[in-house]
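Just so you know, we're using the numbering used here here: the sequence shown kicks off at 33 and counts up by one. Note that beta-carbon positions come from the ideal geometry of N, C-alpha and C, so glycine has one too. Some notes on the structure that comes next.
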Amino acid sequence: MSTAPHGILLVDKAPDRTSHDVVARVRWLLGTKKVGHAGTLDPMATGLLILGIGQGTRLLTHLVGLDKTYTATIRLGRATTTDDREGEPLGEVADATGVPAEQIEQVLETLRGDIQQVPSTVSAIKVNGQRAYARARAGEDVELAARPVRISRFEITARRTDGPYLDLDAVVDVSSGTYVRALARDLGAALGVGGHLTALRRTGIGPFDVAGGVHVPARGEGDDVELPRRGLGEVASAVMPSLTISDQSAWDLRHGKFVKLGKSPQELGDREHVAALDTSGRLVAVVSPESAERWRPVLVIAPEALQPPSA
Numbered sequence: 033m034s035t036a037p038h039g040i041l042l043v044d045k046a047p048d049r050t051s052h053d054v055v056a057r058v059r060w061l062l063g064t065k066k067v068g069h070a071g072t073l074d075p076m077a078t079g080l081l082i083l084g085i086g087q088g089t090r091l092l093t094h095l096v097g098l099d100k101t102y103t104a105t106i107r108l109g110r111a112t113t114t115d116d117r118e119g120e121p122l123g124e125v126a127d128a129t130g131v132p133a134e135q136i137e138q139v140l141e142t143l144r145g146d147i148q149q150v151p152s153t154v155s156a157i158k159v160n161g162q163r164a165y166a167r168a169r170a171g172e173d174v175e176l177a178a179r180p181v182r183i184s185r186f187e188i189t190a191r192r193t194d195g196p197y198l199d200l201d202a203v204v205d206v207s208s209g210t211y212v213r214a215l216a217r218d219l220g221a222a223l224g225v226g227g228h229l230t231a232l233r234r235t236g237i238g239p240f241d242v243a244g245g246v247h248v249p250a251r252g253e254g255d256d257v258e259l260p261r262r263g264l265g266e267v268a269s270a271v272m273p274s275l276t277i278s279d280q281s282a283w284d285l286r287h288g289k290f291v292k293l294g295k296s297p298q299e300l301g302d303r304e305h306v307a308a309l310d311t312s313g314r315l316v317a318v319v320s321p322e323s324a325e326r327w328r329p330v331l332v333i334a335p336e337a338l339q340p341p342s343a
């Protein structure tokens, strides 16, 4: 029987490391190539990464679209080519220290709710088959189309001056696909002083908090580290409705069969996907309603060994 690891790992990413670096390191530490992520963080950013291990990689598709929470520091007084501190400055420095809080709040109000956002030029969005950041770094003028995003919260928690600059600490709750760097850019542009991001930390993804994340040591920092993985049943139940199924239904789902689960879609909140768990709380499959009580498997988690249920 295979002893390969499976599950979901919450990581608190350190600064100046790419998400790929973290994935590669976890592969080394766990001795498996089957590691993926549910959304990257820029090297400058810190905070929560969700990694899938083994069979956990198959659940990532249900985690990538979750809402995100960030804390950020926005510097008003100058824009940059990347909308963050790592870019080249654009234009002259503007004295932003006198921008009143009331004016900032008025602009923030226009950036809340359902808005159309133009992503940062150095984003990973593909333009004619090539990443936007690759085209931008090659000197091309990159124009990206606006896309709908939702900003549920955009609040300033502190403000301070540094020479001509005004630094704003903020907390934001956003839909997946939102660029916080673009929020900093658009805030500064609307205020007429320019703006960019100087710090970013992802503190939450859906129901998962960075407080539950572990530090993954870089190469040379040591290999003796605990990487506690969360069970797939626990994680799936946190992001979608779940129900416990019989051994026979578990066997049928693992063989791609439709099953009757004794629940209608309405009883499960009319959700598109439901987690089917065995009597031990392990994830058997993610299912979708085909009719009133007939469910089809859309994702089946393969156990280490399939055995038919006892008669």
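Under a three-way DSSP split, which group does residue i fall into?
| i | result |
| --- | --- |
| Leu-293 | coil |
| Leu-41 | strand |
| Ala-164 | Its pLDDT being 48, under 50, Ala-164 is placed unreliably in this model, and the value from its coordinates should be taken loosely. Note: Ala-164 maps to helix in three-state DSSP. |
| Arg-90 | helix |
| Val-332 | strand |
| His-69 | strand |
| Arg-59 | helix |
| Ala-250 | coil |
| Glu-187 | strand |
| Ser-274 | strand |
| Arg-261 | coil |
| Val-212 | helix |
| Ala-231 | strand |
| Asp-53 | helix |
| Leu-21 | Since the displayed the chain opens at 33 and closes at 343, residue 21 lies outside it and no answer follows. |
| Asp-284 | helix |
| Asp-255 | coil |
| Val-242 | helix |
| Asp-201 | strand |
Classify residue i as buried or exposed, calling it buried when 16 or more other Cβ atoms lie within 10 Å of its own Cβ.
| i | result |
| --- | --- |
| Arg-107 | buried |
| Ser-274 | buried |
| Val-291 | buried |
| Ser-323 | exposed |
| Ala-177 | exposed |
| Ala-8 | Since the displayed the chain opens at 33 and closes at 343, residue 8 lies outside it and no answer follows. |
| Arg-286 | buried |
| Asp-146 | exposed |
| Gly-288 | exposed |
| Ala-282 | buried |
| Asp-74 | buried |
| Pro-37 | buried |
| His-247 | exposed |
| Tyr-257 | Residue identity check: residue 257 is Val in the sequence provided, not Tyr. Answer is exposed; the Cβ neighbour count stays below 16. |
| Gly-88 | buried |
| Asp-284 | buried |
| Gly-245 | buried |
| Ser-342 | Caution applies to Ser-342, whose pLDDT of 44 falls short of 50 and renders its modelled position unreliable; the model cannot decide the point. |
| Thr-235 | buried |
Going by the beta-carbon positions, is the gap between residue i and residue j smaller than 9 Å?
| i | j | result |
| --- | --- | --- |
| Ser-265 | Leu-309 | Checking the displayed sequence, the identity of residue 265 turns out to be Gly instead of Ser. Yes; because the gap between Cβ atoms is below 9 Å, this pair is in contact. |
| Ile-26 | Thr-101 | For residue 26 there is no data in the structure shown, the boundaries of the chain being 33 and 343. |
| Ala-77 | Lys-45 | yes |
| Trp-327 | Val-316 | no |
| Ala-128 | Tyr-197 | yes |
| Val-206 | Arg-182 | yes |
| Arg-49 | Gly-227 | no |
| Val-139 | Leu-219 | yes |
| Asp-53 | Ala-231 | no |
| Ser-51 | Leu-80 | no |
| Val-150 | Arg-185 | no |
| Leu-223 | Gln-135 | yes |
| Ala-214 | Ser-296 | no |
| Leu-83 | Val-67 | yes |
| Leu-91 | Ile-277 | no |
| Thr-113 | Glu-120 | yes |
| Leu-61 | Leu-300 | no |
Report the CB separation of residue i from residue j in whole angstroms; it is logged as a contact under 8 Å.
| i | j | result |
| --- | --- | --- |
| Val-203 | Thr-103 | 5 Å |
| Val-225 | Ala-126 | 4 Å |
| Ala-216 | Asp-99 | Wrong, their Cβ atoms sit about 19 Å apart, outside the cutoff. |
| Val-271 | Pro-321 | No, Val-271 and Pro-321 are not in contact; Cβ-Cβ is about 17 Å, not under 8 Å. |
| Arg-262 | Gly-86 | That pair is no contact at about 13 Å. |
| Leu-41 | Val-58 | 7 Å |
### Task
Could I get the ranges of all uninterrupted alpha helix (DSSP H) runs contained in the region 118-155, with 4 residues as the minimum, in chain order?
133-142
### Query
Taking only runs of the beta strand (DSSP E) that begin and end inside the region 294-323, which ones reach a length of at least 3 residues, in chain order?
306-309, 315-321
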